[in-house]
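In my numbering, the protein residues as written are 3 to 624.
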């Protein structure tokens, strides 16, 4: 029997590893930026073109690499972060697997320029498909610059599976924000196709959050601090009134590493219990510091999953800390209505001892020193002027003399006149018996039931109204603009940088549906007109839902963008299940539904109505 097991070549093994480490351009950005942080950089610059498909460049001012290290960094399992298995239990760095650069070099053209501070010249290396094609010396500043070009050039199937530029850019921004939030002491910048998306100076955690998510974010934050033997918690949670319809601004960091944890997320949601509206999600930026020996990071190559020693204790501490902060800063309601908030002890003063107040006394003060000056001033003010301006005649004098004494007074006393009552007691048109008869009725505030010649028609009111508004929105966007109602006072809404970019992309289409924007700034929009079908209080909820839909499913072309916009607006503006409708509104929905081109299906391809024939009813009683 012949032997069939053999070792894979290095370039094949690297391509297999790249499938786990490099899932999309955002993965490359994450790995390179984390390497720059581990190198002790103070300034990190990220440049991308065509959503990272053409170029991803990360430039840092870290300690750089020697010639030998520059060659070794592209080998598999070559790392400077750990030296033994025991080091896995005391990790203080971002990376430790030694697979990132080898995986990236296997599926792209990589160009590396690096120089340590004590060297005169640096090293320039070009790698294509795990093969070094060029190596020479170069003149470059201290630090490292890594350029990744033509990602997945030798795996065309993988490249074809990448999403549109808008989707891939959004993933890159997500990864960039996660790393930037964890390290406010480092200055970051991000450029896409020559335009600056982020310029983040060195600062603290609160200011870094504000710089990324907009200037108005500062007033939404509630600080959270707790220190125990198990974990040290710091960071911020958003006030309940600013909760969003999407889970966008939710960040957990463990030892300055972004993680995803549904279990800890549940602890935050429970802490907000009773404070949030239905289907609203709180914002939080929480930093947990634990003993490296109590966690296991080596679960997945992306390192976003962590196993904890004692998850139950973390859950309880996190929930209690957030509840305490919400109560301490008067965010959560209290039952003691007579309590004076001025008597509350601030959180940071709980361990401070009382101090004797210092009283300053001015011993040179003499209250009688300027008595003569004040007396002279009083006397001078006592003299009044003899000149008095004559007042003009009152307005009543204008009408004197119009009625003489000889002129007889009118005989009619208007107080005795009886006027006809304004209340109408009868109807001009008596309703007929047919009009009084209800042709539809509402079932459980969810379904509209109507009669047919052959049986009964049951309509889902929300899906039916969504279908009606969907076709109307499509018509308004593509054919003619909708009618807009002008607001008495402009409506100012706050959004972060990424959400503003989505609104700018959709601005023309939104204006076709009835929205009127007076100005769109970097962190806010001002609306002076809205569609006639919605109220002013629903505008912010509607736009947040629209942004969430586009973040989850960014379309590739103009038609699908229009379709998604119409679907999202129709879903947000349609009557909800549980809304009470009168007979006229029920009949209006029924009539307009069957005037649609596709009345049987909602925009999400679900059934709008069902029919129950007389024959089917007869079978029920057999």
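The beta carbon of each residue, even a glycine, is placed where N, CA and C say it ideally should be. Values in this document were obtained by computation on a predicted structure and should not be read as measured data.
Quick check on DSSP: helix, strand or coil for residue i?
i, result
"residue 143", "coil"
"residue 388", "Unreliable positioning characterises residue 388 in this predicted model, as indicated by a pLDDT of 48, which lies under 50. The coordinate reading is nonetheless provided below. Here residue 388 sits in coil by DSSP."
"residue 46", "strand"
"residue 194", "strand"
"residue 267", "helix"
"residue 362", "coil"
"residue 476", "helix"
"residue 126", "strand"
"residue 171", "helix"
"residue 306", "coil"
"residue 531", "strand"
"residue 223", "strand"
"residue 492", "strand"
"residue 117", "strand"
"residue 111", "strand"
"residue 465", "helix"
"residue 444", "strand"
Is it buried or exposed for residue i, if we count other Cβ within 10 angstroms and need 16 for buried?
i, result
"residue 138", "exposed"
"residue 297", "buried"
"residue 265", "exposed"
"residue 251", "buried"
"residue 670", "It is not possible to answer for residue 670, since the shown part of the chain is limited to 3 through 624."
"residue 473", "buried"
"residue 140", "exposed"
"residue 463", "buried"
"residue 162", "exposed"
"residue 4", "exposed"
"residue 551", "buried"
"residue 314", "exposed"
"residue 213", "buried"
"residue 268", "exposed"
"residue 569", "buried"
"residue 439", "Because the pLDDT at residue 439 is just 49, under 50, the model does not fix this residue reliably, and the point stays unresolved."
"residue 54", "buried"
"residue 6", "exposed"
Note down, in chain order, each residue of its chain lying with its Cβ closer than 6 Å to the Cβ of residue i, except the 5 sequence neighbours on either side.
i, result
"residue 447", "580 and 582"
"residue 289", "236, 237 and 255"
"residue 135", "128"
"residue 282", "245"
"residue 61", "47 and 147"
"residue 331", "224"
"residue 458", "614"
"residue 33", "102"
"residue 502", "none"
"residue 601", "595"
"residue 384", "Bear in mind that the predicted position of residue 384 carries a pLDDT of just 47, short of 50, making it unreliable; the figure below should be weighed with that in mind. Taken in chain order, the list of residues that qualify is empty."
"residue 521", "528"
"residue 59", "49 and 149"
"residue 142", "115, 117 and 124"
"residue 131", "156"
Leaving aside the five residues before and after residue i along the sequence, list all residues of the same chain whose C-beta is less than 7 Å from its C-beta, in chain order.
i, result
"residue 468", "572, 573, 576, 604 and 605"
"residue 388", "Below a pLDDT of 50, predicted positions are generally treated as unreliable, and residue 388, at 48, falls in that range; no measurement from the model is reported."
"residue 494", "526 and 528"
"residue 272", "321"
"residue 26", "164, 170 and 173"
"residue 382", "Bear in mind that a pLDDT of 49 at residue 382, under 50, signals an unreliable position, so the number given afterwards is only what the model happens to contain. Nothing listed; no residue qualifies."
"residue 592", "442, 450, 452 and 461"
Should residue i be listed as close to the ligand SAM, given that the test is whether its C-beta is under 7 Å from any heavy atom?
i, result
"residue 549", "In the structure shown, the ligand SAM is absent, as is every other ligand, since no ligand is present at all."
Our contact map puts residue i next to residue j with C-beta atoms below 8 Å; I'd like the distance itself, whole angstroms only.
i, j, result
"residue 23", "residue 29", "7 Å"
"residue 215", "residue 37", "In fact, because the Cβ distance is near 26 Å, the residues do not count as touching under 8 Å."
"residue 616", "residue 461", "With a Cβ gap of about 18 Å, residue 616 and residue 461 do not count as contacting."
"residue 260", "residue 306", "7 Å"
"residue 172", "residue 542", "With a Cβ gap of about 22 Å, residue 172 and residue 542 do not count as contacting."
"residue 585", "residue 453", "With a Cβ gap of about 13 Å, residue 585 and residue 453 do not count as contacting."
"residue 199", "residue 175", "7 Å"
"residue 190", "residue 182", "5 Å"
"residue 489", "residue 540", "The Cβ separation is near 13 Å, so there is no contact."
"residue 257", "residue 309", "Rounded, the Cβ-Cβ distance is 14 Å, inconsistent with contact."
"residue 195", "residue 51", "6 Å"
Under 8 Å Cβ to Cβ from residue i, same chain only, skipping five residues before and after it: list those, please.
i, result
"residue 449", "460, 461, 462 and 463"
"residue 15", "78"
"residue 534", "484, 485, 486, 487 and 516"
Between residue i and chain B, is any beta-carbon pair separated by less than 8 Å?
i, result
"residue 611", "No chain B appears in this structure, which consists of one protein chain only."
Would you call the segment 196–206 and the segment 220–232 in contact, with 3 or more CB pairs under 8 Å? no
Indicate whether the contact test is met: 3 or more Cβ pairs, each with one atom in the segment 70–84 and one in the segment 238–254, closer than 8 Å. no
Hey, is the segment 478–496 in contact with the segment 510–517, meaning 3+ C-beta pairs nearer than 8 Å? yes
Taking 8 Å as the threshold, find out whether the segment 60–79 comes into contact with the segment 117–127 through three or more Cβ pairs. yes
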